[in-house]
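For reference, the structure discussed in these notes is given below.
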Amino acid sequence: MIAKIESTDGRLVYEHKDEPVQVYSKATATIMQSLLRDVISSRITSSFQTDLATINPSLASADWIGKTGTTNEDENMWLMLSTPRLTLGGWLGHDDNRPLAKGAGHYRNANYMAHLVNAIQQAEPGIWGNKRFNLDSSVTKSQVLKSTGEKPGKVSINGTEVNVSGSTVTSYWATKEGAPVTTYRFAIGGSDADYQNAWKNILGSIPAVTPPSSSSSSSSGSSSSSGNTQSGSSGRSRLFNR
Numbered sequence: 003m004i005a006k007i008e009s010t011d012g013r014l015v016y017e018h019k020d021e022p023v024q025v026y027s028k029a030t031a032t033i034m035q036s037l038l039r040d041v042i043s044s045r046i047t048s049s050f051q052t053d054l055a056t057i058n059p060s061l062a063s064a065d066w067i068g069k070t071g072t073t074n075e076d077e078n079m080w081l082m083l084s085t086p087r088l089t090l091g092g093w094l095g096h097d098d099n100r101p102l103a104k105g106a107g108h109y110r111n112a113n114y115m116a117h118l119v120n121a122i123q124q125a126e127p128g129i130w131g132n133k134r135f136n137l138d139s140s141v142t143k144s145q146v147l148k149s150t151g152e153k154p155g156k157v158s159i160n161g162t163e164v165n166v167s168g169s170t171v172t173s174y175w176a177t178k179e180g181a182p183v184t185t186y187r188f189a190i191g192g193s194d195a196d197y198q199n200a201w202k203n204i205l206g207s208i209p210a211v212t213p214p215s216s217s218s219s220s221s222s223g224s225s226s227s228s229g230n231t232q233s234g235s236s237g238r239s240r241l242f243n244r
């Protein structure tokens, strides 16, 4: 981006003017920050936190968030890091796009970034700051089931109403309503068979499909069958369109 252009005599020809546009709500942005904290603290995809704690324990206690990145065939790897005050990114790769060695991103790039972070701190003490990322006041906290990610509730499974409950966790939402009550199709996408298997795993067993009784009127049975068919067809149609 060109920030400013001046003529040889010092006359201003062009100067860029910032026109910021809000892309995400504060709730969405701060929820994402909370998620990215786990990327670093879990040490699953990067040893950065461990390496930094060895080099500079006090600096490792800063509120670090970050994201790792890898292209196909391990040709490029990234580690993006941030505190509330400063953001830093590092890339690892070969000029000819040869695949990197196993563990290059998890260990080598992480170790390099830890040393770089510490070097920056030594050059300008306190530059990373001691503030923490906090959830915005507009974030809604909901207690949701670990199994579905939605609130406990009643679900109709194969025509039988089942009360779904169990262990819960706190979930953050960028809407005032928070998490919805659990529905049969609680996930994104998925086939009818997927949901049958999912509910078997969640409940241990599920009600069998109850065939219409012989005493039921043909119109009543047809209506029930049509409702079930329409629901399944609609779900498959939505999945196909996606």
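So the sequence shown is numbered by the numbering used here: it starts at 3 and just counts up by one. No residue lacks a Cβ here, since even glycine has one placed at the ideal position from N, Cα and C.
Close Cβ partners of residue i (< 7 angstroms) along its chain, the five nearest in sequence each way excluded
i    : result
A62  : Q51, L54 and A55
R110 : L94
Best match in the options for proximity to residue i [C-alpha to C-alpha]
i    : options                  : result
A189 : W201, T150, G180 and L81 : T150
R45  : V183, G92, P127 and N113 : N113
S43  : K28, S27 and T70         : T70
S27  : N74, T73 and T142        : T142
Distance between residue j and residue i (C-alpha atoms, nearest Å)
i    : j    : result
K6   : D20  : 12 angstroms
V211 : N160 : 5 angstroms
K153 : A176 : 16 angstroms
G168 : S193 : 24 angstroms
S261 : L147 : With the chain covering 3 to 244 only, the question about residue 261 has no answer from this structure.
I33  : E17  : 35 angstroms
Cut-off 8 angstroms between Cβ atoms - residues of its own chain near residue i, not counting five sequence neighbours on either side
i   : result
L90 : M82, L83, S84, M115, L118, V119 and I122
V15 : I7, E8 and S9
P86 : D65, G131, K133, R134 and F135
9 angstroms Cβ cutoff met for residue i and residue j
i    : j    : result
V41  : I67  : yes
K156 : N165 : yes
Q145 : T184 : no
Y174 : L137 : yes
P101 : E77  : yes
S158 : Y186 : yes
T170 : P209 : no
Residue environment, residue i, which counts as buried when at least 16 other CB atoms sit within 10 Å
i    : result
V23  : exposed
M79  : buried
H96  : exposed
G107 : buried
I129 : exposed
I204 : buried
6 angstroms CB neighbourhood of residue i in its chain, flanking five on each side removed
i    : result
N58  : N120
K104 : none
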